[in-house]
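In our numbering, the protein residues as written are 19 to 360. Using N, Cα and C, we set each Cβ at its ideal position, and we do this for glycine too. Reviewing the structure listed below.
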């Protein structure tokens, strides 16, 4: 039985309301299924619930591993249903578009140049071969090539055919599908994963496919939303409940991402809590779970919730005060201020 939906945490557009209803109908009819993720990749089953619904009010929960601090969505949309969700529901729900539109591909203008700046000290000399997983229209790759100031060969993979065609139309080597479509070009000097890892339903398998695109000299740029810096992110209205979405399967801090990558055979070179990080290939390791990491995440989320509540209260106070000032000015113009005050 699917739990009843909650109210969305923001005002949905008419298209988003339509696709929210469609998704709930698919869940109720059994076309889509929810699955519980009982264990953490660290092996622990100690799970502390921290959310029961996502930003759209959908019954997607989030639990925090009490052993290592990695947060995961559970229950979540089943792995088997994710391809259909991304093909038919994702864009309508998240971007208020019935189908992918190249003009709305999700990337930050200037991101390619920003990645070059972050990696400049680690980049090897000479020509570069750069790949991006989930490259949308390839805009980040083109910006990277321009900012690098040298000969750069790029290739990207993307599932949405409209994005692939848009990238190809301006000369970018775009492959439709996942990392396996780029295997014939491997190894790359740089592999970019920007807002990809938090969508992987199976971290072990997904990161193994990524690792196969490089060798011991490859740099892997990984960017995901940092749980401990949601209060700095305007795109989530600085709120944890506005960050949560059915599309995210895992939720990271720099520590939990580093440990996740270590299990898949990657070694951290540099990173921050935003999270913008650089990895290389390394020996596969099994980090010892540290409950202190879970406590740090819980403390961070409690602080964020407290800040968010105070912020909303302050905004409400300012709005009420502003309305009062406007009302007094209106009455003053009508010569009725004394009557209103009394």
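For residue j and residue i, the rounded distance between their alpha carbons
| i | j | result |
| --- | --- | --- |
| residue 304 | residue 276 | 11 Å |
| residue 308 | residue 87 | 8 Å |
| residue 297 | residue 238 | 5 Å |
| residue 181 | residue 310 | 42 Å |
| residue 247 | residue 316 | 13 Å |
| residue 292 | residue 178 | 27 Å |
| residue 79 | residue 212 | 24 Å |
| residue 220 | residue 264 | 15 Å |
| residue 157 | residue 301 | 33 Å |
| residue 214 | residue 151 | 7 Å |
| residue 65 | residue 222 | 20 Å |
| residue 333 | residue 71 | Note that residue 333 scores 46 on pLDDT, short of 50, meaning its location in the model is unreliable and no value can be drawn from it. |
| residue 54 | residue 40 | 22 Å |
| residue 243 | residue 82 | 16 Å |
| residue 62 | residue 165 | 43 Å |
| residue 260 | residue 109 | 17 Å |
| residue 30 | residue 114 | 9 Å |
| residue 289 | residue 132 | 14 Å |
| residue 105 | residue 118 | 9 Å |
| residue 77 | residue 111 | 15 Å |
| residue 193 | residue 203 | 11 Å |
| residue 314 | residue 188 | 46 Å |
| residue 285 | residue 126 | 26 Å |
Residues of its chain near residue i, where Cβ-Cβ distance is below 6 Å and the 5 sequence neighbours each way are ignored
| i | result |
| --- | --- |
| residue 229 | 283 |
| residue 273 | 311 |
| residue 234 | 299 |
| residue 169 | 145 |
Under 8 Å between C-beta atoms of residue i and residue j
| i | j | result |
| --- | --- | --- |
| residue 116 | residue 209 | no |
| residue 312 | residue 85 | yes |
| residue 236 | residue 140 | no |
| residue 171 | residue 138 | no |
| residue 162 | residue 130 | yes |
| residue 96 | residue 52 | yes |
| residue 245 | residue 270 | yes |
| residue 98 | residue 68 | no |
| residue 149 | residue 231 | yes |
| residue 59 | residue 281 | yes |
| residue 160 | residue 190 | yes |
| residue 323 | residue 258 | yes |
For residue i, the three-state DSSP class (helix, strand or coil)
| i | result |
| --- | --- |
| residue 292 | coil |
| residue 152 | coil |
| residue 191 | strand |
| residue 354 | With a pLDDT of 44 at residue 354, under the threshold of 50, the predicted position of this residue should be treated as unreliable, and no value is reported. |
| residue 244 | strand |
| residue 252 | helix |
| residue 132 | helix |
| residue 323 | helix |
| residue 26 | coil |
| residue 212 | strand |
| residue 117 | coil |
| residue 75 | coil |
| residue 50 | coil |
| residue 283 | coil |
| residue 101 | helix |
| residue 261 | helix |
| residue 313 | helix |
| residue 40 | helix |
| residue 173 | strand |
Pick from the options that is closest to residue i, judged by C-alpha positions
| i | options | result |
| --- | --- | --- |
| residue 135 | 295, 180, 152, 221 | 295 |
| residue 186 | 318, 173, 80 | 173 |
| residue 155 | 167, 177, 184 | 184 |
| residue 201 | 74, 222, 226, 37 | 226 |
| residue 28 | 159, 263, 56, 74 | 74 |
| residue 167 | 46, 176, 143 | 143 |
| residue 107 | 128, 36, 175 | 36 |
| residue 38 | 251, 23, 159 | 23 |
| residue 197 | 191, 280, 175, 61 | 175 |
| residue 319 | 262, 203, 128 | 262 |
| residue 57 | 77, 105, 93 | 93 |
| residue 240 | 314, 47, 279 | 279 |
| residue 256 | 77, 44, 321, 111 | 321 |
Residue-chain proximity (residue i, chain C), Cβ-Cβ < 8 Å
| i | result |
| --- | --- |
| residue 29 | The chain inventory of the structure shown lacks chain C, comprising one protein chain alone. |
Contact test: residue i Cβ vs the ligand ZN heavy atom, cutoff 7 Å
| i | result |
| --- | --- |
| residue 27 | As for the ligand ZN, it is missing from this structure, which has no ligand bound. |
Residues near residue i by beta carbon distance below 7 Å, same chain, minus five either side
| i | result |
| --- | --- |
| residue 26 | 73, 74, 75 |
| residue 287 | 140, 296, 297, 298 |
| residue 195 | 175, 177 |
| residue 254 | 248, 260, 261 |
| residue 44 | 50 |
Neighbourhood of residue i by C-beta distance below 8 Å, restricted to the same chain and skipping five residues each side
| i | result |
| --- | --- |
| residue 218 | 224, 225, 267, 268 |
| residue 128 | 161 |
| residue 251 | 243, 261 |
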